[in-house]
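Read the structure below first, then the notes.
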Amino acid sequence: MRAVGAGHSFTALAATDGVLVNLDCMQGLVGVDPAARRVTLAGGTRLRNIPNLLRPHGVALPNQGDVDPQSITGAINTGTHGTGVGYTGFAGLVRGFRIALASGEIRQAHPDAPDKLDRELFHYGRIGLGALGIVTQVDMDVAPSFVLAAREHAEPVADITRNFPNRVHAADHVEFYWFPGTDVAHVKTNTRHPADHP
Numbered sequence: 001m002r003a004v005g006a007g008h009s010f011t012a013l014a015a016t017d018g019v020l021v022n023l024d025c026m027q028g029l030v031g032v033d034p035a036a037r038r039v040t041l042a043g044g045t046r047l048r049n050i051p052n053l054l055r056p057h058g059v060a061l062p063n064q065g066d067v068d069p070q071s072i073t074g075a076i077n078t079g080t081h082g083t084g085v086g087y088t089g090f091a092g093l094v095r096g097f098r099i100a101l102a103s104g105e106i107r108q109a110h111p112d113a114p115d116k117l118d119r120e121l122f123h124y125g126r127i128g129l130g131a132l133g134i135v136t137q138v139d140m141d142v143a144p145s146f147v148l149a150a151r152e153h154a155e156p157v158a159d160i161t162r163n164f165p166n167r168v169h170a171a172d173h174v175e176f177y178w179f180p181g182t183d184v185a186h187v188k189t190n191t192r193h194p195a196d197h198p
């Protein structure tokens, strides 16, 4: 039995001769604690829906990638990340999760769980590629709501690579896409501002 999400991974990760489980019916915000900056999301919740779920509570995901069709647990299990040297990927935001094991047993994985198995599931299951079971719910850290000011432009690859280490420390989020056969890349720089920024 394997969980299948948006099919965004570029491998046969979910391929099986057995049963594929789709978590699309497990959607939404299960709980939120704005003061602690922590939320609980149902495992099948799509990344594209999370900003609208969190915004009324004044919180946001601190970081995410460029695409958003994935489920939150699929993104966590496959190591999805965004940009910015000061920001972790999804797995680094996880504080606990509920997982259905192959035996059918439901466990609460947590770093401080009294049971050793639950602690091990937490440590090995965050980027577990679905090998340990199916994550049905996840507790995550969030950030205060913010907006991004984006700047995109073309630039010679030689200029980018010459000072890229300085750039990534000078902005919240920086990335570039190089087009093979050319000497030009598309540069994206995003700067964070408070949610009420004009």
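Going by the UniProt record's numbering, the first residue of the sequence shown is number 1, and it counts up by one from there.
Note that beta-carbon positions come from the ideal geometry of N, C-alpha and C, so glycine has one too.
Every value quoted in this text rests on a predicted model; they were computed, and no experiment measured them.
With respect to the beta strand (DSSP E) encompassing residue i, which residues constitute its N-terminal and C-terminal limits?
i	result
residue 139	134–141
residue 3	2–4
residue 22	20–22
residue 185	184–194
residue 174	173–178
Should residue i be labelled buried (16 or more other beta-carbon atoms within 10 Å of its own) or exposed?
i	result
residue 90	buried
residue 1	exposed
residue 72	buried
residue 148	exposed
residue 66	exposed
residue 107	buried
residue 19	exposed
residue 42	buried
residue 55	exposed
residue 179	exposed
residue 98	buried
residue 181	exposed
residue 102	exposed
residue 63	buried
residue 16	exposed
residue 23	buried
residue 93	buried
residue 132	buried
Where do the N-terminal and C-terminal ends of the alpha helix (DSSP H) with residue i fall, by residue?
i	result
residue 53	50–54
residue 161	157–170
residue 119	116–125
residue 90	90–93
residue 75	72–77
Give me whichever residues DSSP pairs with residue i in a beta bridge.
i	result
residue 31	40
residue 148	192
residue 153	187
residue 100	106, 134
residue 113	BP columns for residue 113 are empty, so no partner.
residue 67	According to DSSP, which records beta bridges pairwise, residue 67 is partnered with nothing at all.
residue 60	143
Quick one, which of the options has its alpha-carbon nearest residue i's?
i	options	result
residue 186	166, 105, 158	158
residue 193	116, 167, 79, 150	150
residue 29	51, 22, 115	51
residue 130	87, 76, 26, 176	76
residue 88	197, 136, 143	143
residue 4	39, 36, 74, 35	74
residue 176	154, 196, 104, 166	154
residue 139	11, 61, 6, 7	61
residue 49	120, 70, 21	70
residue 38	45, 59, 141, 198	141
residue 46	95, 190, 35, 27	27
Would the segment 170–181 and the segment 72–90 be scored as touching if the rule is three or more Cβ pairs under 8 Å?
yes
Determine contact between the segment 151–162 and the segment 125–136, defined as no fewer than three beta-carbon pairs at a distance below 8 Å.
no
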